[in-house]
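Enquirer: Protein chains in written order, with this note's numbering: chain A, 12 to 388; chain B, 1386 to 1552.
The C-beta atom is built at its ideal place from N, Cα and C for all residues, glycine as well.
Please find one structure pasted underneath; my questions will follow.
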Amino acid sequence: MTTLALSSAALNPAALASDWPGNFWLHWAVFSVLILAFVLGVVIIFVWLERRFMARMQARIGPNRTGPFGLLQSLADALKLMLKEDIVPDSADHALHWLAPIIALVPVLSVFVVIPFADGAALADLNIGILYVIAIGSVASMGIITAGWASNNKYSLLGAMRDIAAIVSYEIPLAMAVLGVVIIAGSLSLSAIVDAQSSVPLIFFQPLGFLLFFIAACAEINRSPFDLLEADSELTAGFHTEYSGMKFALFFLAEYGESLVVSAVVATIFLGGWRGPVLPPWLWFLGKVFAVFLFMVWVRTTMPRVRIDQLMALAWKFLFPLALINLLVTAIEVLIWPNGLPWPVIFLNIAIFLAVIPIFSRLFKLGWGRVEVPALR
Amino acid sequence: MDGGELKFQRYGRGIVQGMAVTIRYLFRHPVTTQYPEQRLTTSRRLRGNELVWTEARCTGCSTCAKACPQGAILIVTAPAGDKLSVEKYEVDTGYCIQCGLCVEACPYEAIRMGYSYERAKYRRGELVQRDDMLAASEARPASGYMYPDEAAKLPAQTLLVDRDDKD
């Protein structure tokens, strides 16, 4: 009984909407089911959307045979994966091989605990919400390295090691980009961050922060063009080479669930979350999530995969200094206008954004794996 | 980088250009042909499956059989006065590589390449075709290969499905 009381206290029950019927545990049960249904449902739609949009951007049609417009394609894939034989290699570390997909999936679901779907409609409004998102979000990589290790396969391990390299490097610009938002909003709680965007979405105050967060988040969740941990031309399938059947399906689910996490977090902290005129809040939130995801699909269709040295160089030579600059500029602005930024700051920040990117692109001349020797004079 | 000059580059112009290309393609019509429902008109000079043989023109000279690199054509003739009568003309289309050499070799325009391309069979024995089965018909028209005048009568080749009959 003490643990129950403890956990409900830790989850800040005061943050519940006052008109919520029943007690904390009813709230917990309803929202847990809702979140599970939301993640599974949206992931199925995401897979379909991504395939259709990528196909159309490549002048193809995409899946269009299963159901109207191919809408049932993801369900058919899921069914196929469930019926497939589950193969575990003889030399694999069996326990970890079983555990890895679960370790990868659970953090993805856990992140949605703090995402507000509408005003106060979150499982728990943690006062350290965004910190929780960053902390839990990177645990999913543990599942990937567990899978890479347990498979006892050189390709799996190489893929997993690339993922760790990416995580270690991109966590820093990611967190720093979030810091800018936190400074402006004055709170780590996601609800408070949404409240801070009641007039203007923070993307206008933080254009540079948005770019950094988006790039770093795409790299964290290993989305194309940073999907080199499963670069099929080099590593067969990377960490999930030795996975089949339902365990592979869980990894697949985790992968698209991570895309959903990034879409939801970007929508919440940069695009104003559930806020918007006329339409109901949950629809605004969903619309923003889908918009961000379609942007990610657009990026994926366009960009070729980066090399590992390019990945590291982009993190340390480009994103990291820009994240520092963004943090400094935001901090100074908040120091000058402590009672909320006036709207002309938007133009200042966009000007800084447009100035800083070309300058750093220029400084970011060497590297990219090419040896560029200046000519002797 | 030529000459080691610092150029103003890599500030994202290429990325923006690439994104513009992909978004333009999003609103373009897909080029996919959904094959069983939608068909393209093939080349008028297609070397399609299944030879088309006209018995009336054949003199039984066996030039086609000699020209065939696969030995797919079997022709049995018997003397009939000062000519030959064809007793058996058999093509094993399973051996045929659609090279068209028999069509080019025939001095009497008796053998033509087929115009059809969906000629899969359920039994291997059905691949061996003889005599009447080789005649031109509605189901197995002759292609214009080697015969430009005939080719001109066939419909022009299409590379894309017409946009009007798409969804």
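For I1458/B, does the count of other Cβ atoms within 10 angstroms reach 16, so buried, or fall short, so exposed?
Expert: buried
Enquirer: For Y181/A, which option in I56/A, A228/A, E61/A and G256/A has the closest C-alpha, if you only look at C-alpha atoms?
Expert: A228/A
Enquirer: Measuring alpha carbon to alpha carbon, tell me which residue in R1398/B, R1409/B, V1416/B and A1452/B is nearest Q1354/B.
Expert: Outside the shown range of chain B (1386 to 1552) lies residue 1354/B, about which nothing can therefore be said.
Enquirer: From what residue to what residue does the alpha helix (DSSP H) around K1538/B run?
Expert: Element bounds for K1538/B: P1533 to K1538.
Enquirer: Count the other C-beta atoms from every protein chain shown that fall within 10 angstroms of the C-beta of R1525/B, then say buried if there are 16 or more, exposed otherwise.
Expert: buried
Enquirer: Give me the Cα-Cα distance between T247/A and L305/A, rounded to the nearest whole angstrom.
Expert: 27 Å
Enquirer: Checking the sheet assignment: what are the DSSP bridge partners for E1475/B?
Expert: L1459/B and R1515/B
Enquirer: Taking the alpha carbon of I178/A as the reference point, which residue from L322/A, W160/A and S372/A has its own alpha carbon closest?
Expert: Selection L322/A, W160/A and S372/A evaluated against I178/A yields L322/A as nearest (Cα-Cα).
Enquirer: Ignoring anything shorter than 4 residues, give me the alpha helix (DSSP H) runs that lie fully in the stretch 299–355 of chain A, in order along the chain.
Expert: 319–324 and 331–347
Enquirer: Buried or exposed for R173/A, going by 16 or more other Cβ atoms inside 10 Å?
Expert: buried
Enquirer: Going by Cα to Cα distance, which pick from R1432/B, L1539/B, V1476/B and E1440/B is closest to E1511/B?
Expert: Restricting attention to R1432/B, L1539/B, V1476/B and E1440/B, the CA atom closest to the CA of E1511/B is found in V1476/B.
Enquirer: Buried or exposed: where does S244/A fall if 16 or more other Cβ atoms within 10 Å of its Cβ makes it buried?
Expert: exposed
Enquirer: With 16 as the cutoff for other CB atoms within 10 Å, does T13/A come out buried or exposed?
Expert: Summary for T13/A: the model assigns pLDDT 39, below 50, so the residue's position carries little reliability; its value from the coordinates is reported in the next sentence. Looking at its Cβ environment, which holds fewer than 16 other Cβ atoms inside 10 Å, T13/A is exposed.
Enquirer: For W1438/B, which three-state DSSP category applies?
Expert: Strand at W1438/B.
Enquirer: Taking all protein chains shown into account, do 16 or more other C-beta atoms lie within 10 angstroms of the C-beta of P236/A, making it buried, or fewer, making it exposed?
Expert: It is buried - the Cβ of P236/A has at least 16 other Cβ atoms within 10 Å.
Enquirer: Which term fits A20/A, buried or exposed, when burial requires 16 or more other beta carbons within 10 angstroms of its beta carbon?
Expert: Low per-residue confidence applies at A20/A: pLDDT is 40, beneath 50, and the placement is therefore not dependable, though the value from the model is reported in the following sentence. With fewer than 16 Cβ atoms within 10 Å of its Cβ, A20/A is classed as exposed.
Enquirer: In angstroms, rounded to a whole number, what distance separates the CA positions of Q1455/B and P1421/B?
Expert: 31 Å
Enquirer: So what does DSSP say about I1400/B, is it helix, strand or coil?
Expert: helix
Enquirer: Which residues, in chain order, does the stretch 1413–1424 of chain B contribute to contact with chain A at a C-beta distance below 9 Å?
Expert: R1413, H1414, P1415, V1416, T1417 and Q1419
Enquirer: In whole angstroms, give me the CA-to-CA distance for G256/A and V99/A.
Expert: 10 Å
Enquirer: Tell me the residue span of the alpha helix (DSSP H) that contains I194/A.
Expert: Residue range K165 to A196 is occupied by the alpha helix (DSSP H) that includes I194/A.
Enquirer: What does the alpha-carbon distance come out to for the pair P1492/B and Q1423/B?
Expert: For P1492/B and Q1423/B, the distance between alpha carbons rounds to 38 Å.
Enquirer: Using a Cβ-Cβ cutoff of less than 6 Å, which residues in the same chain neighbour V189/A once the five nearest sequence positions on both sides are dropped?
Expert: I141
Enquirer: Check whether the Cβ atoms of G78/A and V272/A sit closer than 8 Å, and answer yes or no.
Expert: no
Enquirer: In three-state DSSP terms, what is A1521/B?
Expert: Here A1521/B sits in coil by DSSP.
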